[in-house]
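Just below is one structure, and these are the notes that go with it.
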Amino acid sequence: SIETLNKAYRQGYMFGLSGESQQSCPYHSDVIAAAWEAGWTDGAAQARQIGFKPQEQAIA
2 SIETLNKAYR
12 QGYMFGLSGE
22 SQQSCPYHSD
32 VIAAAWEAGW
42 TDGAAQARQI
52 GFKPQEQAIA
């Protein structure tokens, strides 16, 4: 549904914006994964535009 695609896009956008790996996509359906990846791409581009650099996470 369009709601599912919008949700996947928003989730991908937030992952991209926060510096998460594109490999973090939780979806296996090609269409939904493509929506998530489009969101991730847009979020990552926005993060670069505003100069966001995610902090390194300490490994315990």
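Numbering follows this note's numbering, with no gaps: position 29 of the sequence shown is 30. Using N, Cα and C, we set each Cβ at its ideal position, and we do this for glycine too. Owing to the predicted nature of the structure, the values given are computational and were not obtained by experimental measurement.
What separation, rounded to the nearest whole angstrom, lies between the Cα atoms of residue 28 and residue 34?
In this structure, the alpha-carbon of residue 28 lies about 5 Å from that of residue 34.
Which residues in the same chain have their Cβ closer than 7 Å to the Cβ of residue 43, if we skip the five residues on either side of it in sequence?
Around residue 43: 14 and 17.
Which of helix, strand or coil DSSP assigns to residue 25
Residue state, collapsed to three classes: helix.
DSSP on residue 16, reduced to helix/strand/coil?
Shown here, residue 16 sits in a helix according to DSSP, grouped into three states.
Nearest CA to the CA of residue 50: which residue from 26, 6 and 20?
Just measuring C-alpha positions, the residue of 26, 6 and 20 sitting nearest residue 50 is 20.
On the CB-based measure, 16 or more other CB atoms within 10 Å of its CB, does residue 46 come out buried or exposed?
With fewer than 16 other Cβ atoms from the protein chains shown falling within 10 Å of its own Cβ, residue 46 counts as exposed.
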